[in-house]
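Student: Mapping of the sequence shown onto this note's numbering: residues 13 to 283, in sequence order. Cβ coordinates follow ideal geometry from the N, Cα and C atoms, glycine included. Let me give you the structure first, and then I'll get to my questions.
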Amino acid sequence: MARQRDSVEWLARVDEALVDGHLRLRCQPIVPVRPDAGLAPHLEVLLGVASSANESLSIAEFIDAAERYKRMRAVDRWVTRTVFDWIAAHRKLMPMIHGLAVNLSGQTASDASFVEFVRQQFQRTGVAPEWISFEVTETSAVASLSTAAGIIHGLKNLGCRIALDDFGSGQASYSYLKELPVDWLKIDGVFVRDIANDRDDFAVVKSINEIGHFLGKKTIAEYVVDERTLEMVREIGVDYAQGYGVAPPMLLDDYAAALSYEAAPQGVARG
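Right, dumping it as C-alpha cells:
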C-alpha cells in the first residue's frame, strides 16, 4: 500500500512539473577542438528544475521517476516541443548557435511515432532542420536496434543530425555502427575524464576516434574537465570537446542573452 502511494505521488510530481512550468532548458556548448578545422559548434540541451519548484525535487530524481513510471516519452516531447519554440523565437541568434541537440531516452528510442511528432514540429514552427539534432545513447540504441535504427533513419530523412551518446560503454560497439546512420560519436566520458593520467583510457579514446573517422563520423569527447584533458583530446585528433574544461552548463535563456550582448554594436545600449 505504501509503495502504491509512493508511485502515485511520484507520478503526480512528474506530471505537475511538465504542466506547471517547473522545468527549464539548460545547455552546454560542444565546440571544435581545433578552431581552424572548419567545424561549427552547437549546444546540447539539458533539463533543469526551476528554482521556484519544490526544492526537494532534483533533476536526477525527476528523471529517475519519469523513467521508472514510463513518463520519459512525455518528457522528451516536452523538451523537443520547447526547443522548437525556443529556436523559432530566437532565429536571429541561430547563425551563432548553429544548432541544438536534444537527448532522447530509451523509451523514445523505441517509439516509432516520435518521427511523425518531430515532423509536425517542423511544420508548426518552420524551424530549419539543420538547427535540430538528437542524441541517443549507445545502450538505448542497442536495446531496440531495429526500432532505433528506423527512428534514426526517419529523423535523418527530416534533415536532423544524430549523435550516438556515451559511445564505447556497450558491448560489440563497432558491429552495429553501419546500421545506425549517425553523424557524431560521443565518446563516453568515463574514458575521457582521466585521460591525462591513464594510459588505458588514452588508448581507448584513440581507438574510438580512429574507428569513428574510418566510418566517416565526427567524434565528440565528453567530460573534458580541464585544459590538460583538452590538450590530450586535441593530440588524439578528436573533433569536438564538451565539459567544464570547455564551458559549464547554463540556462539556455542566459546563453542567448550573453550572445545578444556580445553581438550588440558598440555604442548601442546593452543593458
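Classify proline 47: buried if its beta carbon has 16 or more other beta carbons within 10 angstroms, exposed otherwise.
Tutor: Exposed, since its Cβ has fewer than 16 Cβ neighbours within 10 Å.
Student: Does DSSP put lysine 229 in a helix, a strand or coil?
Tutor: Lysine 229: coil per DSSP, three-state reduction.
Student: With a 10 Å radius around its C-beta and 16 neighbouring C-beta atoms as the bar for buried, classify tyrosine 273 as buried or exposed.
Tutor: Burial call: exposed.
Student: Can you find the residues in the same chain that come closer than 7 Å, C-beta to C-beta, to alanine 208, ignoring five residues on each side of it along the sequence?
Tutor: If we look at alanine 208 and ignore the five residues flanking it on each side, its Cβ neighbours are Arg240, Thr241, Met244.
Student: Just grab the DSSP bridge partners of methionine 262 for me.
Tutor: According to DSSP, methionine 262 bridges with Cys39.
Student: Does phenylalanine 226 pass the burial test, meaning 16 or more other C-beta atoms within 10 Å, or should it be called exposed?
Tutor: Result: exposed.
Student: Could you tell me whether the Cβ atoms of alanine 62 and leucine 23 are closer together than 8 Å?
Tutor: Result no, Cβ atoms of alanine 62 and leucine 23 do not sit closer than 8 Å.
Student: Mind pulling the alpha helix (DSSP H) runs of 4 or more residues that sit fully within the stretch 87-119?
Tutor: Listed in chain order, the complete alpha helix (DSSP H) runs (minimum 4 residues) inside the stretch 87-119 are 106-109.
Student: Could you tell me which of Gly50, Tyr81, Gly33, Val154 sits nearest to serine 181, measuring between CA atoms?
Tutor: For serine 181, the nearest C-alpha among the options comes from Val154.
Student: Just the C-alpha distance for alanine 175 and alanine 101, rounded to the nearest angstrom, thanks.
Tutor: Each residue's Cα considered, the two are about 25 Å apart.
Student: Just the C-alpha distance for valine 95 and leucine 263, rounded to the nearest angstrom, thanks.
Tutor: Roughly 13 Å between the two C-alpha positions.
Student: Just the Cα atoms here: how many angstroms apart are serine 187 and glutamine 135?
Tutor: Near 36 Å, if we compare the C-alpha coordinates of glutamine 135 and serine 187.
Student: When you compare each of Gly224, Ile248, Glu234 to leucine 55 by their alpha carbons, which one comes out closest?
Tutor: Comparing Cα positions, the closest option is Glu234.
Student: Report the rounded CA-to-CA distance for valine 20 versus serine 70, giving the unit in angstroms.
Tutor: Going from the Cα of valine 20 to the Cα of serine 70 covers about 18 Å.
Student: From which residue to which residue does the beta strand (DSSP E) around lysine 198 run?
Tutor: From DSSP, the beta strand (DSSP E) with lysine 198 extends over 196-199.
Student: For valine 250, which residues in the same chain have their Cβ closer than 8 Å to its Cβ, ignoring the five residues on either side in sequence?
Tutor: The residues are Val45, Ile199, Val217, Asn221, Thr231, Ile232, Ala233.
Student: Could you tell me the alpha carbon to alpha carbon distance between leucine 116 and lysine 190, rounded to whole angstroms?
Tutor: Near 20 Å, if we compare the C-alpha coordinates of lysine 190 and leucine 116.
Student: One question on the structure: do alanine 121 and isoleucine 75 come within less than 8 Å of each other, judged by their Cβ atoms?
Tutor: It is not a contact, given that the beta carbons lie outside the stated cut-off.
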